[in-house]
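Colleague: Residue numbers (the numbering used here): 1 to 442. Virtual Cβ for every residue (Gly too), placed ideally from N, Cα, C.
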Amino acid sequence: MKKLKIVTIGGGSSYTPELIDGFIKRYAELPVSDYYLLDIEEGREKLEIVGKLAKRMVEKAGIPMTIHLTLDREEALKDADFVTTQLRVGFLDARINDEKIPLKYGVLGQETTGPGGFMKAQRTIPVLLDICRDMEKYCPNAWLINFTNPAGIVTEAIARHSSIKSLGICSGANSMLMDIAKAYDVEKSQVYARIMGLNHLIFADRIYIDGADVTDDFIEKLAQGSATNALKNIPDIGFSARFAKALRMYPISYLKYFFLTREMVDAALADQKTKGTRGEQTREIERKLFELYQDETLTGKPKELEQRGGAWYSDTACSIISAIYNDKKEIHVVNTTNRGATGDLPDHVTLETNAVIDRQGAHPLAYGPLPVKIRGLIQSVKAYEELTVEAAITGDYDTALLALTINPLVPSANVAEQILNEYLEVNQRYLPQYFNNAKEQQ
Ligand code: G6P
Numbered sequence: 001m002k003k004l005k006i007v008t009i010g011g012g013s014s015y016t017p018e019l020i021d022g023f024i025k026r027y028a029e030l031p032v033s034d035y036y037l038l039d040i041e042e043g044r045e046k047l048e049i050v051g052k053l054a055k056r057m058v059e060k061a062g063i064p065m066t067i068h069l070t071l072d073r074e075e076a077l078k079d080a081d082f083v084t085t086q087l088r089v090g091f092l093d094a095r096i097n098d099e100k101i102p103l104k105y106g107v108l109g110q111e112t113t114g115p116g117g118f119m120k121a122q123r124t125i126p127v128l129l130d131i132c133r134d135m136e137k138y139c140p141n142a143w144l145i146n147f148t149n150p151a152g153i154v155t156e157a158i159a160r161h162s163s164i165k166s167l168g169i170c171s172g173a174n175s176m177l178m179d180i181a182k183a184y185d186v187e188k189s190q191v192y193a194r195i196m197g198l199n200h201l202i203f204a205d206r207i208y209i210d211g212a213d214v215t216d217d218f219i220e221k222l223a224q225g226s227a228t229n230a231l232k233n234i235p236d237i238g239f240s241a242r243f244a245k246a247l248r249m250y251p252i253s254y255l256k257y258f259f260l261t262r263e264m265v266d267a268a269l270a271d272q273k274t275k276g277t278r279g280e281q282t283r284e285i286e287r288k289l290f291e292l293y294q295d296e297t298l299t300g301k302p303k304e305l306e307q308r309g310g311a312w313y314s315d316t317a318c319s320i321i322s323a324i325y326n327d328k329k330e331i332h333v334v335n336t337t338n339r340g341a342t343g344d345l346p347d348h349v350t351l352e353t354n355a356v357i358d359r360q361g362a363h364p365l366a367y368g369p370l371p372v373k374i375r376g377l378i379q380s381v382k383a384y385e386e387l388t389v390e391a392a393i394t395g396d397y398d399t400a401l402l403a404l405t406i407n408p409l410v411p412s413a414n415v416a417e418q419i420l421n422e423y424l425e426v427n428q429r430y431l432p433q434y435f436n437n438a439k440e441q442q
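1. My output table needs one value for Asp34: the three-state DSSP class, helix, strand or coil.
2. Roughly how many angstroms separate the alpha carbons of Asn436 and Pro302, rounded to a whole number?
3. What first and last residue would you give for the alpha helix (DSSP H) that runs through Asp266?
4. Should Thr282 be labelled buried (16 or more other beta-carbon atoms within 10 Å of its own) or exposed?
5. Can you name the residues that DSSP bridges to Val333?
6. Determine the contact status of Ala157 and Ile209, defining contact as a CB-CB distance below 7 Å.
7. At 3 residues or longer, and completely inside the segment 159-202: list those beta strand (DSSP E) runs for me, N to C.
8. Which same chain residues end up closer than 6 Å to Val32 when comparing Cβ atoms and leaving out the 5 residues on each side of it in sequence?
9. Pick out the complete alpha helix (DSSP H) segments inside the segment 217-302, 4 residues or longer, and give them in chain order.
10. Looking at the structure shown, is Arg206 part of a helix, part of a strand, or coil, going by DSSP?
11. Apply the 10 Å Cβ neighbour rule to Ile237 and answer buried if 16 or more other Cβ atoms are within range, or exposed otherwise.
12. Let me know if Gln442 comes out buried or exposed under the rule of 16 or more other beta-carbons within 10 Å of its beta-carbon.
13. Can you tell which of Asp134, Pro432, Ile419 and Gln433 has its C-alpha closest to the C-alpha of Leu103?
14. Heavy atom of the ligand G6P less than 6 Å from the Cβ of Ser13, yes or no?
15. For the alpha helix (DSSP H) holding Phe118, just list the boundary residues, first then last.
16. Using 8 Å as the Cβ pair cut-off and three pairs as the minimum, do the segment 314-332 and the segment 358-370 touch?
17. Report the three-state DSSP secondary structure of Ile324 (helix, strand or coil).
18. The ligand G6P and Arg278: does the residue's C-beta get closer than 6 Å to at least one heavy atom of that ligand?
19. Where does Gly361 fall in DSSP's three states?
20. What distance in whole Å lies between the Cβ atoms of Ile20 and Ile169, which are believed to be in contact at a cut-off of 8 Å?
21. Kindly examine the ligand G6P and report whether one of its heavy atoms sits closer than 6 Å to the Cβ of Asn141.
22. Would you check if the segment 380-399 and the segment 58-77 touch, i.e. whether three or more CB-CB distances between them fall below 8 Å?
23. Apart from the five residues just before and just after Tyr423, which ones in its own chain have a Cβ nearer than 7 Å to its Cβ?
24. Would you mind sorting Phe203 into buried or exposed? The rule is 16 or more other CB atoms within 10 Å of its CB.
25. Among Ile378, Ala28, Leu37 and Glu29, which one has its Cα closest to the Cα of Pro17?
26. In whole angstroms, give me the CA-to-CA distance for Ile195 and Ala341.
27. By DSSP, does Val7 sit in helix, in strand, or in coil?
28. Considering only the beta carbon of each residue, do Leu404 and Ala416 sit closer than 7 Å?
29. Does the beta carbon of Leu305 fall short of 6 Å from some heavy atom of the ligand G6P?
30. Beta-carbon within less than 8 Å of Arg56's beta-carbon, same chain only, minus the 5 sequence neighbours each way: which residues are those?
31. If you follow the beta strand (DSSP E) that Val83 is part of, which residue opens it and which one closes it?
32. Could you say which of Ala311, Leu289 and Leu305 lies nearest to Ile49 if we only look at CA atoms?
33. Between Lys439 and Val426, what straight-line distance do the alpha-carbon atoms span, to the nearest angstrom?
34. Alpha carbon to alpha carbon, how far is Val372 from Ala223? Give it in angstroms, no decimals.
35. By how many angstroms is the C-alpha of Lys232 removed from the C-alpha of Arg308?
36. What is the residue span of the beta strand (DSSP E) that Ile145 lies within?
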């Protein structure tokens, strides 16, 4: 049988044991012979720690998968079949700056939503497109499965500026399906939700259990608080029962940043003074995880990994890779190019929705018009995302200023300018596309 080579870029991530667990569980249908964990020099120590745990997990499972650890991108990418990415340019320190700077102006500071997502995209897109250039050279037929945030924006940049076949994935939709299953005490496989939107801005407007429509009943559960849409990384502030019923859709938790902005910014400001920003909390979770990972007796992914917001994402990543490899024609929620799934967004933009996954990739299900109650929000966030991609590629200051200004969570062009200037100053070393332009234009 042809050897199956998979690469994870950002291999030293604390999420990697999730992926190893996912590939081990699926070995019969997805016989990975060589799994390369690739990282950069600054991530060498983490790569060694995660790599040793990965080898212990594979050895305990007794499957013939060889784990390779490397800092050499060409060695890793050569003839790869699938490449997954989960990297954080600037590490958590950069994320914490992304969170803190907007909060100084009373504006949401968050990893992927609002100005934080803009800044993470500016650091990340050049690196991901450089990886695409290398994939075009060393594994032009490989699939790029992107988990790197902001996943939707990054996936759009890849789709529009490289020839590499790609999909974007996120743990959000999977968490929503798990919450629905929990509310009805059924298996996740018995749940189907009609989902549409953007990454970290998706909505389920129809919910089925074994094919029976339970939408109104689930909305009632949400209204009464007996069902949740809580993600570990988002403050558990809920909508009123009245609003939950008025919306009559099941939103990802991130919607609260747009429809409960004042309350969520106040919570972020309060948290900053007590337990720190989410990035600071995550840094502490990471420290404890890497202590755990160094325990030679650990031969599985630890429960503590569920404290991360992206927990269980491997279910999504590995099942999608298997659906492509085995031409399964399964339906999964992915970030993919619109191509007419909804006429209320341009065909060329990336959205997050149900798609049939087979050897040719993702075929988004026809959704039709966006409900008017969320159409404006989705269209304005997508416009922000398109300018964010353009700014990341061109390094054009004015495009960046416009992107931030039209983001619904940024209240004024003056505030956008102040946030942008501080962001550029703090991130110069990660912004080759800006560094010279920024100095000339200011
Ligand atoms: C979410 C999202 C991920 C995000 C993560 C943050 O659930 O789906 O895209 O990166 O949580 O979690 P963290 O533990 O890093 O705050």
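Modeller: Quick look at the numbers:
1. strand
2. 45 Å
3. Thr261 to Lys273
4. buried
5. Asn354
6. no
7. 165-168 and 191-198
8. Leu4, Ile6, Phe23 and Met65
9. 241-247, 256-259, 261-273 and 278-293
10. strand
11. For Ile237, the number of other beta carbons within 10 angstroms of its own is below 16, and it is reported as exposed.
12. Annotation note: pLDDT 47 at Gln442 (below 50); position unreliable, coordinate value reported separately. With fewer than 16 other Cβ atoms within 10 Å, it is exposed.
13. Ile419
14. No.
15. Pro115 to Tyr138
16. yes
17. If DSSP states are grouped into helix, strand and coil, Ile324 belongs with the helices.
18. Yes; taking the cut-off as 6 Å, the Cβ of Arg278 has a heavy atom of the ligand G6P nearer than that.
19. strand
20. Contact doesn't hold; Cβ gap of about 17 Å is too wide.
21. no
22. no
23. Ile101 and Met119
24. buried
25. Leu37
26. 11 Å
27. strand
28. Between Leu404 and Ala416, the CB-CB gap stays under 7 Å.
29. no
30. Glu296, Leu298 and Thr299
31. For Val83, the uninterrupted beta strand (DSSP E) segment begins and ends at Phe82 to Thr85.
32. Nearest of Ala311, Leu289 and Leu305 to Ile49, Cα basis: Leu289.
33. Confidence in Lys439 is poor, its pLDDT being 46 and thus under 50, which makes the residue's placement unreliable; the coordinate value appears in the next sentence. Near 13 Å, if we compare the C-alpha coordinates of Val426 and Lys439.
34. Going from the Cα of Ala223 to the Cα of Val372 covers about 21 Å.
35. 6 Å
36. Trp143 to Asn146
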